[in-house]
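**Q**
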Amino acid sequence: MFFFFIGGVQPKTVQLDKNPRTCPICGLSGAFLKRVDHWITIFFIPLFRIKKGEPFLECPRCGPVFKEEVASERREIIPICPACGRQLSPEYKFCPFCGKKL
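Take any residue in the sequence shown, count from 1 to its spot, add 49: that is its number in the numbering used here.
1. Tell me, to the nearest whole angstrom, how far the beta carbon of ALA80 is from that of THR71; I am working on the premise that it is less than 8 Å.
2. Can you tell me where the beta strand (DSSP E) holding GLU140 begins and where it ends?
3. What residue range is occupied by the uninterrupted beta strand (DSSP E) comprising LEU65?
4. Enumerate in chain order the residues of its own chain whose CB-to-CB distance from VAL138 is below 8 Å, with the five nearest sequence positions on each side excluded.
5. Assuming contact is defined by CB atoms lying nearer than 9 Å, are LEU86 and VAL63 in contact in what I supplied?
6. I'd like the list of long-range same chain contacts for PRO104, defined as Cβ closer than 8 Å, with 5 residues on each side in sequence excluded.
7. Quick check on the burial criterion: 16 or more other C-beta atoms within 10 angstroms. Buried or exposed for ILE55?
8. Residues in the same chain with beta-carbon distance under 8 Å from PRO69, minus the five sequence neighbours each way, listed in chain order, please.
9. In or out: ARG123 buried (at least 16 other Cβ within 10 Å) or exposed?
10. Going by DSSP in three states, PHE105 sits in which element: helix, strand or coil?
In structure tokens form, the structure reads like this:
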């Protein structure tokens, strides 16, 4: 008798909320709070969660943004206009290039 068993541990990304947030690095308001959990699977079907991951923001422009990256880059953030993508000074309330409100 021969048994063929396919199973193991696989990561699964879970979106924690449906409201987009502002990315602390680029300023784009499309980042979502996510978490990577690890599951025991059999035949690629998740059965039991064995490890709950740490929450992080995932921005479509920057990719995953973790707490350490946010803390280290917060001092060096240069605001970017969400409409035209140009770098701005932090004191601007309107973009001098396209006129959009920041």
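Idealized CB from N, CA, C, for every residue including glycine.
**A** The structure says:
1. That pair is a contact at about 7 Å.
2. Where GLU140 is concerned, there is no enclosing beta strand (DSSP E), given that its DSSP letter is neither H nor E.
3. From DSSP, LEU65 is part of no beta strand (DSSP E); its letter is neither H nor E.
4. Looking at the sequence shown, residue 138 is not Val but Ser. Setting aside the 5 residues that flank it on each side, SER138 is surrounded in the same chain by PRO128, each with a C-beta closer than 8 Å to its C-beta; the list follows chain order.
5. The question names Leu, yet the displayed sequence has Asp at residue 86. Going by C-beta atoms, ASP86 is nearer than 9 Å to VAL63.
6. Result list for PRO104: LEU65, LEU82, LYS83 and ARG84, in chain order.
7. Note on ILE55: under 16 other CB atoms within 10 angstroms of its CB, so exposed under the neighbour-count rule.
8. For PRO69, where only same-chain residues beyond five positions count, the Cβ hits under 8 Å are SER78, GLY79, ALA80 and PHE81.
9. Because ARG123 carries a pLDDT of 49, less than 50, the predicted location of this residue cannot be relied on, and the following value inherits that uncertainty. The residue in question, ARG123, is exposed, as its Cβ has fewer than 16 Cβ neighbours within 10 Å.
10. PHE105: strand per DSSP, three-state reduction.
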